[in-house]
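Sequential numbering of the sequence shown, starting at 465, is according to my numbering.
These notes are about the structure you will find just below.
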Amino acid sequence: MIQWPCILKLDGDSELIFVASEAKLDEELEGLIMGSTDCLN
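Printed below as a string of structure tokens:
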């Protein structure tokens, strides 16, 4: 289960992403291409 707000780090990316809510996560992910090995926990 994800606790909001959260910090997201994608595999292979050196930057962290602050995400305030699940709705904001959806907005952020629209601009990113997730690989088959990416996992949201």
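Using N, Cα and C, we set each Cβ at its ideal position, and we do this for glycine too.
**OP:** Would you mind stating whether L472 and I481 have Cβ atoms separated by less than 7 angstroms?
**Re:** It is a contact, given that the beta carbons lie within the stated cut-off.
Original post:
L493 by DSSP, collapsed to three states: which one?
Top reply: When DSSP states are grouped into helix, strand and coil, L493 belongs to the helix group.
Subject >> Neighbourhood of A487 by C-beta, 7 angstroms cutoff - its chain only, sequence neighbours within 5 removed >> reply: Cβ neighbours of A487 beyond the five flanking positions: none.
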